[in-house]
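Numbering (the numbering used here), first residue to last: 5 to 279. For reference, the structure discussed in these notes is given below.
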């Protein structure tokens, strides 16, 4: 807990009112490939975030630090709201003609009905801490100077700005729980290995599933857009390689990168827009 910024304060869920009506089919840079990459995250986030809550809740009784216990409750509230808002996008995708339910069933069966069921609680917590590190990196990339959000339709931009800011705010909660109940570097690395595999596999699978349903998108044009997207936002390098490099450091803590002010500015922008 000594790593957290002194002005972090309580972590609290924020009730938001997002208007997702008439969302353009290609809300990311006006392109099918970029949008499919973003929509794949919409699909995997809700079940993933509820998994995070279950993984941390398992150890709630072992946490004596009152500050951390309060942060855990805020983490639960924020992740629950994130799951709910991203699930609202499901209806938008269905309305646009996408078949997403087969993918969602397979995702649930593999990741949660099987992997979650057979894995021990400590590994599930370690996976959660690692995935929270990845989402915090994605959040920083979205909110930073010339970030991803500049290419997003304003309606979707508000939802992603809110989610990203709250991800930064609670990015160390699961890690701090893991550090207190199972401070094993080997366990932390095992969780990172499984987290990287699952996130990469389901992210690619979700985006591929969506792109296969784009009847007017040929292979050559799809590859051209993918190259342009990766040049603009190199996910493998900026998310996965950075995440691994930082997490491998034995002394790593999420708040080594104090980007709380980035989240605060985003909350202020949302408040000004609402006013």
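The beta-carbon is built from N, C-alpha and C at its ideal position, and this holds for glycine as well.
In the three-state DSSP reduction, residue 32 falls in the strand class (E or B). Cβ neighbours of residue 217 within its own chain (closer than 6 Å, five residues either side excluded): 102. Here the alpha carbon of residue 16 sits roughly 29 Å from the alpha carbon of residue 193. In terms of Cβ geometry, residue 45 and residue 96 do not form a close pair [threshold 8 Å]. In the DSSP assignment, residue 156 forms a beta bridge with 32. At least 8 Å separates the beta-carbon of residue 143 from that of residue 120. Counting only unbroken stretches of 4 or more residues, the alpha helix (DSSP H) elements lying wholly within the segment 202–264 are 223–236, 246–251, in sequence order. DSSP places residue 176 in the coil class of the three-state scheme, outside both helix and strand. Within the segment 65–100, the complete alpha helix (DSSP H) segments at least 4 residues long are 70–99, listed from N- to C-terminus.
In this structure, residue 203 sits near residue 138, with a CB-CB distance shorter than 8 Å. In this structure, the beta-carbon distance from residue 165 to residue 147 falls below 8 Å. Ranked by Cα distance from residue 256, the first of 182, 33, 20, 82 is 182.
Distance from the CA of residue 179 to the CA of residue 86, rounded to the nearest whole angstrom, comes to 19 Å. If you compare the alpha carbons of 209, 175, 277 with that of residue 7, the shortest gap goes to 175. With respect to residue 155, residue 32 sits close: the two C-beta atoms are nearer than 8 Å. If you draw a straight line from the Cα of residue 72 to the Cα of residue 12, it is about 12 Å long.
Residue burial annotation: residue 34 is exposed, with fewer than 16 other C-beta atoms found within 10 angstroms of its C-beta. Between the segment 228–245 and the segment 53–64, the count of C-beta pairs closer than 8 Å stays below three; the two stretches do not touch.
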